[in-house]
Every structure is written in structure tokens, then in C-alpha cells.
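Comments concern the structure below.
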Amino acid sequence: MKVLLHDCCAPCGAQVINALQQDGHAVAVYFYNPNIFPRKEYDLRLAEMKRYAEKLGVPLIVGKYEHDEWLDSVRGFENEPEGGKRCEKCFQKRLAEVAQKAQEEGFDAFATTLTISPHKPAEVINKIGKELADFYGLKFIDTIWRKNEGYKKSCEISQEEHFHRQNYCGCEYSKRP
Ligand code: SF4
22 MKVLLHDCCA
32 PCGAQVINAL
42 QQDGHAVAVY
52 FYNPNIFPRK
62 EYDLRLAEMK
72 RYAEKLGVPL
82 IVGKYEHDEW
92 LDSVRGFENE
102 PEGGKRCEKC
112 FQKRLAEVAQ
122 KAQEEGFDAF
132 ATTLTISPHK
142 PAEVINKIGK
152 ELADFYGLKF
162 IDTIWRKNEG
172 YKKSCEISQE
182 EHFHRQNYCG
192 CEYSKRP
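Quick note on the numbering used here: the sequence shown kicks off at 22 and runs consecutively.
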């Protein structure tokens, strides 16, 4: 299938791109992450993504950095703990954009790297993905990427590639001590 992969950063994406290609899919990456703050950190993650996509020869689409819109999408949930309601809104905002783009660009399916993280609620992410897939008439690949040593492999590739590895999820609220 032609799969549009929402990728949050190069360290999370490397293993997922591998796995999708091994399953025979034609993968393109969509970097749509207006949640990332500050802009300097966004630029750093994007630069790493571009470098790795070029190395693999994987097409990369770069979305808008509309951080103010993203802030509006999570308003009222700023004080939620990581993995809570704010994150659910954040997943919804990003995956809705990816699903729409996948439909516009003629992809068969979409997926996200988000479930490679041991800190993220895979069932919530996959529920959102499946609902959007139904709405847009697409397939959503609901593999929980951290399973079967996926997370371990992603850490190994990150080390080999000397990726920049951030120590917080992305938004300003996830940077709080
Ligand atoms: S902690 Fe991560 S997933 Fe949750 S709202 Fe912030 S950027 Fe989004």
C-alpha cells in the first residue's frame, strides 16, 4: 500500500519506516508537528528528519508550524499530566491533518510513529486513527510499534545515526520540571 507516515522525529521514525518497508509498503513521511516548542527545537527535529529521509530516499512532506493554532486546540487542558486529555487533543489535531493529507495526495493508508513511545497511550492513539480512517475512507495501520522490541531497535538506530534525542515530548507543558 501507499502509506503516509506521520513522524514526530527521526529517532521515533527510523524503526517504523523500516518495519513498514519490510512489510512491502511504499512509505512517505509527513512531518506535521506544530506542538513542538520552542521553534529552535522544532527546527532541530525537522533537520534530523530531513537528513534521515534523504539518506533513505524516502519522500518527506513538511507541514506548517502553526503553533498558535495548536495552542488553541489544547486550551483548557494545559495542566493535564502527560498521557492525559491534552495529549488526546494533540494526537487528534496532528492525525486529522495527516489523514486529510493522505486522502488529498492519493495514499491508501496512514500511520503514526507515536505508538513507539513507551510513554504514550497506544489505545487512545489507535482509536483516533481508526475513526479518522473511517471518516476519510482510508486504512489506518494500528501496529503498536514499541512492541516486539520496536522501541529497543529505535534506540539502537538512534545511536548508530547519532540523532539528536530530545528529553521531553515536545510542547511547552511537557518541559515543566
Ligand atoms: S506532552 Fe507531547 S503528546 Fe502531550 S500535548 Fe505535549 S506534545 Fe502533545
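Idealized CB from N, CA, C, for every residue including glycine.
CB-CB under 6 angstroms to residue i, same chain, minus the five flanking residues each way: which ones, in chain order?
i	result
Trp166	Val37, Thr136, Ile137
Phe58	Cys192, Glu193
Val145	Glu109
Glu69	Ala31, Phe184, His185
Arg143	Position check: residue 143 holds Ala in this sequence, whereas Arg was assumed. Excluding residues within five positions, the ones whose Cβ falls inside 6 angstroms are Thr136, Ile165.
Beta carbon of residue i, beta carbon of residue j: below 7 angstroms?
i	j	result
Leu41	Phe128	no
Asn56	Gly191	yes
Asp28	Thr134	yes
Phe161	Ala31	no
Val83	Phe52	yes
Lys76	Ser94	no
Met22	Ala154	no
Which word fits residue i, buried or exposed, when buried means at least 16 other C-beta atoms lie within 10 angstroms of its C-beta?
i	result
Gly97	exposed
Gly78	exposed
Lys141	buried
Ala47	exposed
Lys173	exposed
Lys122	buried
Tell me which residues share the same chain as residue i and place their Cβ nearer than 8 angstroms to its Cβ, disregarding the 5 neighbours each side in the sequence.
i	result
Ala74	Val50, Pro80, Leu81
Gln124	Tyr157, Gly158, Leu159
Asn147	Thr136, Phe161, Asp163, Ile165
Lys61	none
Tyr189	Ser195, Lys196
Gly105	Phe98
With a threshold of 7 angstroms on Cβ separation, who are the neighbours of residue i within its own chain once the five nearest residues in sequence on each side are excluded?
i	result
Tyr194	Glu99, Arg107
Ser175	Pro32, Cys33, Ala35, Gln36, Ile137
Ile178	Ala35, Gln36
Trp91	Pro55, Asn56, Lys114
Lys71	Leu81
Pro139	Arg167, Tyr172
How many angstroms separate the CA atom of residue i from the CA atom of residue j?
i	j	result
Glu126	Ala120	10 angstroms
Ala117	Arg66	21 angstroms
Ala43	Glu170	Here the sequence assigns Gln to residue 43, which means Ala is not the residue at that position. Between Gln43 and Glu170, the C-alpha separation is close to 15 angstroms.
Lys196	Gln187	11 angstroms
Tyr86	Ala132	20 angstroms
His88	Glu152	24 angstroms
Gly45	Lys168	19 angstroms
Pro102	Glu181	32 angstroms
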